Structure formats: C-alpha cells, structure tokens
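Okay, so here's the structure we're looking at.
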Amino acid sequence: VEMEAAGKSYSIYTLKKIKKTFPDNDVFFILGIDAFSEIDTWKDYEKVLQQCCFIVISRSGFRLLDAKEVIGGKYGGRICDVSGVQIGRDYKFLPGKIFLFPINALDVASTEIRKRIREGASWEGMVSERVEYYIKENKLYQKNE
Numbered sequence: 839v840e841m842e843a844a845g846k847s848y849s850i851y852t853l854k855k856i857k858k859t860f861p862d863n864d865v866f867f868i869l870g871i872d873a874f875s876e877i878d879t880w881k882d883y884e885k886v887l888q889q890c891c892f893i894v895i896s897r898s899g900f901r902l903l904d905a906k907e908v909i910g911g912k913y914g915g916r917i918c919d920v921s922g923v924q925i926g927r928d929y930k931f932l933p934g935k936i937f938l939f940p941i942n943a944l945d946v947a948s949t950e951i952r953k954r955i956r957e958g959a960s961w962e963g964m965v966s967e968r969v970e971y972y973i974k975e976n977k978l979y980q981k982n983e
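Residue numbers (our numbering): 839 to 983.
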C-alpha cells in the first residue's frame, strides 16, 4: 500500500486504505517498542490508535517492563497481558488494544541495516535472502554520491 502512495506516507492514510480494501478483516499494526514509544509524534496518532490493534514487540535496548510503565501512563487501559494466550482465541479483536510481546530475536533493527549499507559495512545474514535481493536489486539505502 505504501509503495503505491505518491509523496509522503502516513500510517493513518495507510490504515484507512487497508480498511477500505479489506473491510471484513481485523487490522493489526506490528511494530517494535522503539517505534511505538514515539507514536505521539505520528500524524493523527489518536486516530491511528482507534483504527486497529497494536502488537508491540520488544527490541534490543528496550525492555517491555519499562515500556509498560511509559505506555501505561497514557495508554494503560489499552494494554493487554498476552503471556500464555493466543489472540483471537483468548482475546477478541478490539481496535485500540495494545498487545505487548516479548520476543527473542536477533539484535537487528532496520536503522542498523540501513546504516551498514550506507557505510559499506557487512550486513550479511541480517535479513532474509529475498529481502537482501530486493535491497540490492533496487539499490536501496546506498550512500548518496
């Protein structure tokens, strides 16, 4: 959806287009806690929060317990404890809910990958082969000459 957008892309517009295209589907916005911690800087972020459920995953350097304290001040009533449950079975879809998920994953952030590519540093194994091919084929994140 965002690749088709002309000009700047905002999450609120993307969500509206997805909901219009798939009106009978539930929409989940999956992002890292680092990005979610800045949601109040997004265009129409209160509307974004009302349009879908958020699945917020842990990231290196960001503990979900800390996030719960930070988010809880403003969004406490929206946070769902998902330890040992399955969304869809144990939780019904309710727009505006925030599900915090701890994950054990590689310490890989898109920011780090872009930085490594720009600097000519190795980024081998940080993304899938398909993503690596796409980045190379489209010459993404190259240093501006």
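All residues carry an ideal CB built from backbone N, CA and C; glycine is no exception.
Everything numeric in this text was worked out from a predicted model, so none of it was measured.
| Asked | Found |
| --- | --- |
| Tell whether a beta-carbon distance below 9 Å holds between G870 and V886. | no |
| Between C918, A873, P933 and T879, which lies nearest to L853 when the distance is taken from Cα to Cα? | P933 |
| Are the beta-carbon atoms of I917 and F939 separated by less than 9 Å? | no |
| Short of 7 Å in beta carbon distance, which residues of its chain neighbour S849, apart from the five on each side in sequence? Order them along the chain. | W880 and V886 |
| Per DSSP, what are the beta-bridge partners of C918 in this structure? | F937 |
| Using 10 angstroms around the beta-carbon of S948, count the other beta-carbons present and answer buried if the total reaches 16, otherwise exposed. | exposed |
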